[in-house]
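Taken in sequence, the protein lines are chains A and B.
Note that the first sequence ends on residue 255 in our numbering; no numbers are left out.
Note that the second sequence ends on residue 156 in our numbering; no numbers are left out.
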Amino acid sequence: MIYLVVLAGIFVASAWLELVVRTRVFRRWRRLLLTLAGTMVPMLLWDWYAIANGHWHFHMMTGLQVGIIPLEELLFFIVVPIAGILSLEAVRAVHGGIVGDEAP
Amino acid sequence: MTYTQLAFSAAALAVVADLLLRTRLVTRKVFWMSYAIIVFFQLLSNGVLTGSGTVHYDGDVIIGSSSPEGVRPPFVGDGRIAYAPVEDLLFGFAMILWSQTLWILWGRRGVDREPRSGPPIWVKSSEVSDVPAKP
């Protein structure tokens, strides 16, 4: 269960930025969903390959799996990219600067 | 392929994609400032996962050696940083750069470009340049 607690910690440690720094990442949910889909496909393929070939294995898990991929790993590839995007948008909101998606 | 080979390839691929797709995040200060925050939290959370024995790695596919069951790997050394294989840093870098590249790409294409982020709640709206100050 440690893994789920760590994931919850990452989520809490990043999600507050939406409210306090007004990152507006969750509000832009269509863009977020497209980004997550494009991230999860290659990352889950990698994870599947790594688990299938014994690169890594897990202990103290919930035991819930999709095929050979643990639920915790699936959630990892959702929670961590969101935390990264929240971080990027928070730095932009506080610091300013060009990131590349500015209106032409 | 080993984890080492995959991790280096993925990080290189993410940089190439970022440059070819002209998001150019690796050339931007905002990206590196956010990555500095992310990598700190990666070392922290990944340290808990590997230090607690939740995740184990096969020594044949990493620079360091396998962590025997029930024995904590070194905090630093034997190819590890904060208990985790150094490969994890490349794994994380590749995933963060690729996901942020996609985020910027969709925004550039006009999917939810607005509302822009900010201002933080501690900044008065009158101090924000693109919002007209109240008389």
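The beta carbon of each residue, even a glycine, is placed where N, CA and C say it ideally should be.
Bear in mind that the values here come from a model prediction, so they are computed numbers and not experimental data.
The Cβ of residue 49 of chain B sits closer than 8 Å to at least one Cβ of chain A.
Sequence-distant Cβ neighbours of residue 125 of chain B in its own chain, meaning closer than 6 Å and more than five residues away, are 44.
Here the C-alpha atom of residue 152 of chain A lies approximately 6 Å from the C-alpha atom of residue 212 of chain A.
Among the residues of the stretch 167-179 of chain A, those with a Cβ less than 7 Å away from any Cβ of chain B are 171, 172, 173, 174, 175, 178 and 179, in the order of the chain.
The C-beta distance from residue 32 of chain B to residue 114 of chain B rounds to 5 Å, short enough to meet the 8 Å contact threshold. Using a Cβ-Cβ cut-off of 8 Å, residue 209 of chain A is close to 75, 76 and 77 of chain B, given in chain order. Spanning the alpha carbons of residue 84 of chain B and residue 222 of chain A requires a straight line of approximately 28 Å.
For the 8 Å CB-CB criterion, residue 206 of chain A and residue 82 of chain B form a contact. Burial check for residue 63 of chain B: the Cβ neighbour count within 10 Å reaches 16 or more, so the residue is buried.
Around the beta-carbon of residue 52 of chain B, 16 or more other beta-carbon atoms lie within 10 Å, marking it buried.
Chain-order list of chain A residues neighbouring residue 27 of chain B: 197, 200, 201 and 206, by C-beta distance under 9 Å. Annotation: the continuous beta strand (DSSP E) that includes residue 76 of chain B extends over 76-78.
Taking a beta-carbon distance threshold of 8 Å, residue 85 of chain B does not count as an interface residue toward chain A.
Its chain contains 226 and 230 as the residues whose beta carbon lies nearer than 6 Å to that of residue 158 of chain A, once the 5 sequence neighbours on both sides are disregarded; these appear in chain order.
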